[in-house]
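Comments concern the structure below.
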Amino acid sequence: MLELENVHAYYGNSHILQGVSLAVPTGKCVALLGRNGAGKSTTIHTIAGLHKSQRGSIRFKSKPVESLTSYQISREGIGLVPQGRRIFPSLSIRENLTMAARKNLKGDTSEWDIEKVYELFPVLKEREKNMGTQLSGGQQQMLAIGRALMTDPQFLLMDEPSEGLAPVIIDQIGDIVAKLKESGLSILMVEQNISLACQAADEILIMNKGTIVWKGTPDELLENDEIQHKYLGV
Amino acid sequence: MSIYIVQLLTGVAYGMLYFMIAAGLTIILGVMNVVNLAHGAFFLLGTYFAFTFMSLHLNFWLALLLAVIVTAILGIIIEKLLINKLYGKELEQVLLTFGLTFVIADCAKWIWGTEMQTIAVPELLNSSITIGEMVFPAYRLFVVLVGCILAVILWYLESRTRVGAIIRAGVDDRAMVAALGINVRLVFTGVFAFGAGLAGLSGVLGGPLIGMYTGMDSDILVTSLIVVVIGGLGSWKGSFVGAILIGLIETLGKIWFPSLSMLIVFLLMVVVLMIRPQGLYGKVVSQ
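Following this line, the structure appears as C-alpha cells:
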C-alpha cells in the first residue's frame, strides 16, 4: 500500500534520511523503532508531506506522492496521528473532530464519521464540549487518533502514540491499534516502546542513522538480544 | 453634559470604523502571520471606489456593496500574485506590503487626484434623532449598528461554523491543519479577501464621516495597528474593545486636549502594553 524507495531528506545541512526503503502492505501494521535521532519522525513527516524529500520515491497505492503537499497527501487517504498529539487548544473536542471531517472524495462510501469515532472512544462523546487540552494524555491520544480517522483514511501514520502515557494506557492504545487494523486500516507506527510495537505490529523495522538496518517479526526481535542492545539500547 | 453624550456616540462610531479595519488586520495576522501594512490602502480604495460608483449615479447602498466586492477581489489578486510567494518571510512581507501602500496611494492620486472629497450621507440616514436636548445624527447610529452586527457575524462565524473552527485551528497549528487535508493556502486567500473587504467596508462607511484625502490610508493604518496591539494580536474581540476605546479617547481627547489627542492614544497603548504585554484579549504565546 505504501512504498518508500531510497528516500533522502535533509534538515539544513544534516542528512537525516540516508536512503530509506520500506513497504507497508495493505491491512498490516508496521512499527518503526530506533533511538532518538535515528530519523523515525522525519520518515513520518516526509511521508505526510510536512517535510520534503530531496531524492527517492514515495508511492501510495502505486501513485507517486512525494511531490504532493501535505493536504493533498491527506486527501489521498493518509491520516496523521502526530507526535505530541498536536490537539488544537482553541477548539472543543467535538470541533477538533468535525474540522477534519471530509466527504470521501473518491466516491466510495465513507468509512468513518463522528458517530463511529464516538463509538470507538465513548469518553470523547461524554466530554465533547470540553476544550481539547482539558483531556488527559491518553484521552488526547484518542482524540488525535479520532481526528485522523475523521479524514477517512485508508492508511494511518502514528508517531509515538505511547509517548508520555502510563503503562495501563499504553495497553489500551495497543488494543485500539488492533481494532483499527481489524477495520482494514494499514498502519505505520513510530515507537520507542518495544512492547507496544511488538504487541501491535505485524512487522518491525529498526532505523539507525537514517537507514533501515533490521527487519523482522516481533517474535524475532524479542528473541534477538543483540539487535535490541545494539540499536535500541535495551 | 448632553454634548458629551453626543460625542460619546461619535467616538463609538469612529471606534466601529477602526474595528472593521482592525478586525481584518488582526485576523490576517493571527491566521496567516502576515502584518499587512497595505491594509490602510484597502480602506482608502473602499472609499474611492464607492466615490466613483456614486459619481456614476449609483445609490449609496449599491456603491457600498460594489466597493466592498471590488476591494475583496483586489485582495484576492494581491494575495495570489504577491503575498502567496512570501509566507514565512516576515521582512519581505513588510517590505512588500509597505511598498504596496505607496503604489496604491500613488495610483489613487493619479486616478482620483489629490483634492479632498467626501461621500454624501445617504438620504435615508440624513436625519437626526432627538432625545431630550441631545441630537444624535442617524448616520453615526447606523455605523455603530453595522459594527455591532459585524461583531455578531464574526462571533457566529468563528464559534459556530466549521470554517471558523478551521481558522482557529490554523492559528494554533497551521501545519497540522494542512496534514488533516485542508488546503491552508485557500483558507489564507479567503481570509485575506475577507479582511480586505472589511477594510473596504470601513472605508465606504467612513466616507461621510472622515471624507477622503491623500494620506488617509497611513492615518488609519497607524490607528488600526494600535487597536490590534491593544486588543491582542489575532483577537478580533480584542480589536472590538480596543477600537471603541481608541475611538472614544480620540474623540473626547479632541474636546479636552485638542493638541494631545493622538498622544493620549499612544499613551493608552503604552499603559496596556506595560500591564498586559499580550494585549487585552491576546494569548500568551508559548513556543
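Keeping their order, the protein sequence lines are chains A and B. First residue of the first sequence? That's 1 in the UniProt record's numbering, and the numbers climb one at a time after it. First residue of the second sequence? That's 1 in the UniProt record's numbering, and the numbers climb one at a time after it. Using N, Cα and C, we set each Cβ at its ideal position, and we do this for glycine too.
query	result
Chain-ordered chain B contacts of L91 of chain A [CB-CB under 8 Å]	A165, R168, A169 and D172
Exposed unless 16 or more other CB atoms sit within 10 angstroms - verdict on P122 of chain A	exposed
Own chain, CB closer than 7 Å to S286 of chain B, minus 5 neighbours either side, in chain order	The predicted position of S286 of chain B is uncertain, since its pLDDT is 49 and thus under 50; no value can be drawn from it.
Short Cβ contact (9 Å threshold) for L45 of chain B with N36 of chain B	no
Rounded Cβ spacing between L80 of chain A and L205 of chain A (contact assumed at less than 8 Å)	In fact, because the Cβ distance is near 19 Å, the residues do not count as touching under 8 Å.
Contacting residues, own chain, Cβ-Cβ under 6 Å from A63 of chain B (five flanking each side not counted)	A50, F53 and M54
Local conformation of I3 of chain B per DSSP, three classes	helix
Segment contact, 8 Å Cβ cut-off, at least three pairs: the region 123 to 131 of chain A with the region 37 to 53 of chain A	no
CB contact below 9 Å: G12 of chain A versus chain B	no
Contacting residues, own chain, Cβ-Cβ under 6 Å from A22 of chain B (five flanking each side not counted)	S224, V227, V228, S239 and A243
Given D152 of chain A as reference, the closest of A:Q139, A:M99, A:I93 and A:L165 once Cα atoms are compared	A:M99
Cβ neighbour criterion (16 or more within 10 Å) applied to G253 of chain B	buried
Beta-carbon contacts of residue 242 of chain A that lie in its chain and below 6 Å, excluding the five residues immediately before and after	Within the shown structure, residues of chain A are numbered from 1 to 234, placing residue 242 of chain A beyond reach of any answer.
CB contact below 9 Å: A179 of chain B versus chain A	yes
Proximal chain B residues relative to S70 of chain A, where beta-carbon distance stays under 8 Å	A175, A178 and A179
8 Å CB neighbourhood of T217 of chain A in its chain, flanking five on each side removed	D202, E203 and I204
Three-state secondary structure assigned by DSSP to W214 of chain A	strand
Own chain residues within Cβ distance below 6 Å of M189 of chain A, not counting five before or after	A31 and M158
Selected residue, minimal CA-CA separation from L124 of chain A, among A:E111, A:R147, A:E163 and A:A178	A:R147
Beta strand (DSSP E) segment containing T130 of chain B, residue limits	S128 to I131
Where the region 42 to 65 of chain A meets chain B: residues whose CB sits under 7 Å from a CB there	A48 and L50
Residues near K109 of chain B by beta carbon distance below 7 Å, same chain, minus five either side	T214
Expected contact under 8 Å - CB spacing of T97 of chain B and D217 of chain B to nearest Å	Not a contact, Cβ separation roughly 12 Å.
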